[in-house]
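Novice: Numbered by UniProt numbering, the letters in the sequence shown go through residues 1 to 605 in order. If you scroll down you'll find the structure; I have some questions about it.
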Amino acid sequence: MVKSLPRRSEVPAEETWDLDSLFASDKAFDEALHTLEQEVAEFQKQFKGNIQDAAAVVEVLTSYLALLEKLVPISTYSSLSLSTDQTNDEAQMRSSKFGSVSAKMSSQLSFVTSELLALPQETLKSAMKQSAEFEVYLKDLIRRKPHQLHPEVEKTLAAYSSTFSAPYGLYNTTKMVDMAFDDFEVNGQSYPLSYVSFEGDWEAEPDAELRRTAFTAFSNKLKEYQHTTAKTYDMQLQTEKTTSDLRGYDTIFDYLLFNQEVDRSLYNRQIDLIMTELAPHMQKYAKLLQKAHGLDKMTFADLKISLDPSYEPEITVEESKKYINEALGIMGNDYLEMVERSYSERWIDFAQNIGKSTGAFCSSPYGNHPYILISWTGRMNEVFVLAHELGHAGHFYNANRAQNLFNARPSLYFIEAPSTMNEMLVANHLLQNSEDPKFKRWVISSIVARTYYHNFVTHLLEAAYQRKVYERIDAGQSVNAGVLNSIKRGVLEEFWGDAVEITPGAELTWMRQPHYYMGLYPYTYSAGLTISTQVSKRILNEGQPAVDEWLEVLKAGGTKTPVELAQMAGVDITTEKPLRDTIAYIGELIDELVALTEEIEEVAK
1 MVKSLPRRSE
11 VPAEETWDLD
21 SLFASDKAFD
31 EALHTLEQEV
41 AEFQKQFKGN
51 IQDAAAVVEV
61 LTSYLALLEK
71 LVPISTYSSL
81 SLSTDQTNDE
91 AQMRSSKFGS
101 VSAKMSSQLS
111 FVTSELLALP
121 QETLKSAMKQ
131 SAEFEVYLKD
141 LIRRKPHQLH
151 PEVEKTLAAY
161 SSTFSAPYGL
171 YNTTKMVDMA
181 FDDFEVNGQS
191 YPLSYVSFEG
201 DWEAEPDAEL
211 RRTAFTAFSN
221 KLKEYQHTTA
231 KTYDMQLQTE
241 KTTSDLRGYD
251 TIFDYLLFNQ
261 EVDRSLYNRQ
271 IDLIMTELAP
281 HMQKYAKLLQ
291 KAHGLDKMTF
301 ADLKISLDPS
311 YEPEITVEES
321 KKYINEALGI
331 MGNDYLEMVE
341 RSYSERWIDF
351 AQNIGKSTGA
361 FCSSPYGNHP
371 YILISWTGRM
381 NEVFVLAHEL
391 GHAGHFYNAN
401 RAQNLFNARP
411 SLYFIEAPST
421 MNEMLVANHL
431 LQNSEDPKFK
441 RWVISSIVAR
451 TYYHNFVTHL
461 LEAAYQRKVY
471 ERIDAGQSVN
481 AGVLNSIKRG
491 VLEEFWGDAV
501 EITPGAELTW
511 MRQPHYYMGL
521 YPYTYSAGLT
531 ISTQVSKRIL
541 NEGQPAVDEW
551 LEVLKAGGTK
561 TPVELAQMAG
571 VDITTEKPLR
581 DTIAYIGELI
591 DELVALTEEI
601 EEVAK
């Protein structure tokens with residue numbers, strides 16, 4: 001049964017992560033930030049106006065890289081200490097202070113890019129030859145040159161960086177601090193409700209009345225904040241549009257896809273094919289859920305339920321280690337050592353508490369170990385969630401050791417491939433170790449309901465909605481709650497057809513996703529899972545050679561484009577084939593669920 005959430009101070013320390021490897025105290029953080037401020041000022045004094053030749057380019061980038069490496073733990077500590085309790089006044093003030101100081105330092109450092117781009121390309125190419133360490137950075141810099149503005153404009157924009165990122169902070173404050181949920185009542189009994197408990201428990205509650213009532217109560221609270229949240233989102237969108245226009249991009253899509261190093265055709269294909277070709281498979285899955293649960297109708301509030309709630313294993317944090325180790329063992333001893341350390345050294349925050357960020361994420365600060373946030377409820381499907389975040393951890397655990405800070409992070413398009421790969425490895429491991437029809441059905445339904453639903457449906461529908469929003473913004477318009485609700489409802493109705501009733505409140509799900517403040521992020525989940533589905537099949541069929549190639553991909557970090565990284569892993573994402581194959585695979589899984597359900601029901605007669 002869902003319980004009320006404790007305050008952060010009431011949570012056992014062993015359920016929380018240990019940030020001491022970043023800073024042992026808030027005082028140490030303050031001292032490091034102050035020292036870095038001084039070093040940035042000295043750096044500016046030493047190098048501004050003095051970057052004249054290739055040797056100077058190498059010298060300034062060497063010092064610049066050292067400064068950025070010192071910035072990483074400061075930024076990470078500020079962010080992570082707030083993410084576990086956004087009601088904490090000290091964490092709020094620390095985050096605000098860091099934002100202000102960071103904006104000032106960004107403004108002071110903006111001359112580096114401006115002066116490098118003012119040099120002849122021959123000088124930059126000569127610097128690349130002198131130091132291969134900076135080749136990727138300088139190539140990317142040259143690529144950006146057409147969109148670089150006057151140095152004073154760049155300096156001013158950098159000074160406003162914390163202001164430009166304010167909408168994301170406002171969104172989180174509204175969501176995690178101001179939005180307080182009342183208990184809801186069913187048959188005279190009262191039940192607690194929060195963001196975490198709704199997304200972690202109530203959405204998957206087997207009892208239809210409890211689940212649907214929780215959905216209504218949750219949606220009603222969201223509705224109270226829809227206008228503020230919509231205005232916050234519109235601020236984000238207008239800032240992006242203005243930046244896109246200032247920098248001379250043809251469309252806001254070109255601006256947002258530029259850093260991803262993919263063209264618009266890959267973006268559109270991911271959305272269009274899934275909206276049209278995956279929809280019939282998922283509608284069949286929705287009807288299977290309806291039949292299995294004996295529901296009078298299938299509503300949006302019912303889509304997260306388990307196919308067989310009577311066979312929903314519960315699991316402790318300690319027990320999860322066994323499944324994770326066995327499933328990811330194929331990745332090798334170095335990878336497993338990272339997994340072991342993540343538990344023993346408290347890299348993972350498992351606690352549920354008031355003010356904690358929803359969902360799960362992995363932060364991988366360069367020069368340190370990764371940190372994972374998750375709210376552990378004890379449901380077995382959280383093994384998949386944890387494996388997903390450990391996929392991000394394993395990616396940067398490898399990339400950060402093999403590359404410098406400039407080269408470690410790949411395109412956002414590729415970022416979800418290593419994480420979803422781990423979900424596939426867990427699924428493959430579980431399927432290989434049982435012939436029990438009920439267990440097989442549970443595993444396959446977990447793949448469909450967790451791995452593919454989350455990445456190919458939830459996030460993809462967010463992407464389809466987001467594309468319509470950006471088309472509107474690109475045409476010079478704005479958005480409000482009514483517009484956003486209408487767009488979201490239209491996307492949901494298009495995908496689910498007559499298989500699912502889009503009940504009131506479903507249109508408000510745009511309010512739940514922080515990814516909208518991170519550019520064109522939502523579609524990359526399905527893009528990453530497309531790659532990892534194909535690679536996981538290779539690992540099943542080819543074994544160690546495919547694993548070794550995948551580890552090399554992880555180590556490559558951001559030294560290659562998404563197309564090149566996928567090619568390293570044996571997947572050609574320039575064609576439709578990987579995506580079509582993955583959609584067909586999802587269809588096969590759902591067909592197998594139907595067959596297994598019929599088999600189980602026949603035996604039960």
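Even for Gly, the Cβ is constructed at its ideal location relative to N, Cα and C. Because the structure is a prediction, the values reported are computed rather than measured.
With three or more beta-carbon pairs closer than 8 Å as the criterion, would you say the region 124-138 touches the region 205-212?
Specialist: With the cut-off at 8 Å, the region 124-138 and the region 205-212 do not touch.
Novice: When burial is assigned at 16 or more other CB atoms within 10 Å of the CB, is Met93 buried or exposed?
Specialist: By the neighbour-count rule (16 or more Cβ atoms within 10 Å), Met93 is not buried but exposed.
Novice: Are the beta-carbon atoms belonging to Asp201 and Tyr191 less than 8 Å from one another?
Specialist: In this structure, Tyr191 does not lie closer than 8 Å to Asp201 by Cβ.
Novice: Could you tell me how far apart the beta carbons of residue 610 and Asn407 are, in whole angstroms, since I believe they sit closer than 8 Å?
Specialist: For the chain, the structure presents residues 1 to 605; residue 610 sits outside this window and is missing.
Novice: Counting Cβ pairs closer than 8 Å, one from the region 402-417 and one from the region 257-265, do we hit at least three?
Specialist: In short, these stretches touch, since the Cβ pair count reaches three.
Novice: Provide the residue span of the alpha helix (DSSP H) that contains Ile372, from first to last.
Specialist: Run containing Ile372: none in the alpha helix (DSSP H); it sits in the beta strand (DSSP E), 371-373.
Novice: Thinking just about the alpha-carbon of each residue, which of His150, Leu529, Ile531, Ser375 is nearest to the one in Ile348?
Specialist: The option with the nearest alpha carbon to Ile348 is Ser375.
Novice: So, is Arg401 buried or exposed, given that buried needs 16 or more other C-beta atoms within 10 angstroms?
Specialist: So Arg401 ends up on the exposed side.
Novice: When we look at the beta-carbon of Ser342 and count the other beta-carbons within 10 Å, is it buried (16 or more) or exposed?
Specialist: Counting Cβ neighbours within 10 Å, Ser342 comes out buried, since at least 16 surround it.
Novice: Nearest chain B C-beta to Phe361 closer than 8 Å, yes or no?
Specialist: No chain B appears in this structure, which consists of one protein chain only.
Novice: Applying the 10 Å Cβ sphere with the 16-neighbour rule, what's the burial state of Ala393?
Specialist: With 16 or more Cβ atoms within 10 Å of its Cβ, Ala393 is classed as buried.
Novice: Who are the near neighbours of Thr16 in its chain, counting only those whose CB is closer than 6 Å to its CB and skipping five residues on each side?
Specialist: Answer for Thr16: Asp349, Ala351, listed in chain order.
Novice: Would you mind listing the alpha helix (DSSP H) stretches within the region 75-100 that are 4+ residues and don't spill past its ends, in chain order?
Specialist: Listed in chain order, there is nothing to give.
Novice: Where does Ser4 fall in DSSP's three states?
Specialist: Three-state result, Ser4: coil.
Novice: Taking the C-alpha atoms as reference points, what is the distance between Leu210 and Val186?
Specialist: Rounded to whole angstroms, Leu210 to Val186 spans 7 Å at the Cα level.
Novice: Please list the terminal residues of the continuous beta strand (DSSP E) segment that includes Glu185.
Specialist: Where Glu185 is concerned, the enclosing beta strand (DSSP E) stretches over 184-186.
Novice: Look up Glu314 in the DSSP assignment and say whether it is helix, strand or coil.
Specialist: If DSSP states are grouped into helix, strand and coil, Glu314 belongs with the strands.
Novice: Would you call the CB atoms of Glu154 and Ser114 closer than 8 Å?
Specialist: A contact, by the Cβ cut-off of 8 Å.
Novice: If you drop the 5 nearest sequence neighbours on each side, which residues of the same chain put their C-beta closer than 6 Å to that of Pro6?
Specialist: Cβ within range, chain order: Asn353.
Novice: Please classify Lys45 as buried or exposed, where buried requires at least 16 neighbouring CB atoms within 10 angstroms.
Specialist: Exposed: under 16 other Cβ atoms inside 10 Å.
Novice: Go ahead and pull the three-state DSSP assignment for Ile324.
Specialist: Looking at Ile324 - three-state DSSP - the assignment turns out to be helix.
Novice: How do the region 232-244 and the region 477-484 stand: do at least 3 beta-carbon pairs fall below 8 Å, yes or no?
Specialist: In short, these stretches touch, since the Cβ pair count reaches three.
Novice: DSSP has Tyr267 in a bridge; who is on the other side?
Specialist: Looking at the DSSP assignment, Tyr267 forms no beta bridge with any residue, so it has no partner.
Novice: CB-CB under 6 Å to Tyr195, same chain, minus the five flanking residues each way: which ones, in chain order?
Specialist: For Tyr195, where only same-chain residues beyond five positions count, the Cβ hits under 6 Å are Thr358.
Novice: Looking at the secondary structure, which residues open and close the beta strand (DSSP E) in which Gln189 lies?
Specialist: 189-191 is the extent of the beta strand (DSSP E) around Gln189.
Novice: Express the C-alpha separation of Ser75 and Leu22 in angstroms, rounding to a whole number.
Specialist: Leu22 and Ser75: Cα-Cα distance of roughly 10 Å.
Novice: In the structure shown, what three-state DSSP assignment does Arg144 receive?
Specialist: The answer is helix: DSSP assigns Arg144 an H, G or I state.
Novice: Mind checking which residues open and close the beta strand (DSSP E) that includes Phe414?
Specialist: It is not in any beta strand (DSSP E) - Phe414 carries neither H nor E in the DSSP assignment.
Novice: If I follow the unbroken alpha helix (DSSP H) through Phe384, where does it start and stop?
Specialist: Where Phe384 is concerned, the enclosing alpha helix (DSSP H) stretches over 382-402.
Novice: When the Cα atoms are used, what is the spatial distance from Val491 to Leu170?
Specialist: Whole-angstrom Cα-Cα distance: 26 Å.
Novice: Can you round the beta-carbon distance between Phe495 and Met275 to whole angstroms, since I take them to be within the 8 Å contact cut?
Specialist: Between Met275 and Phe495 the Cβ distance is about 6 Å, and since that is below 8 Å, they are a contact.
Novice: Within this structure, are the beta carbons of Leu36 and Lys70 separated by less than 8 Å?
Specialist: Closer than 8 Å, so yes.
Novice: If you draw a straight line from the C-alpha of Arg212 to the C-alpha of Ala301, how long is it?
Specialist: Computed Cα separation, rounded: 6 Å.
Novice: Going by alpha carbons, who is nearest to Tyr517 out of Tyr470, Thr561, Thr559, Gly49?
Specialist: Among Tyr470, Thr561, Thr559, Gly49, the Cα nearest to that of Tyr517 is on Tyr470.
Novice: Run the CB neighbour count on Lys27, radius 10 Å, all protein chains shown included, and call it buried at 16 or more, exposed below.
Specialist: It counts as exposed.
Novice: In or out: Glu42 buried (at least 16 other Cβ within 10 Å) or exposed?
Specialist: Flag for Glu42 reads exposed.
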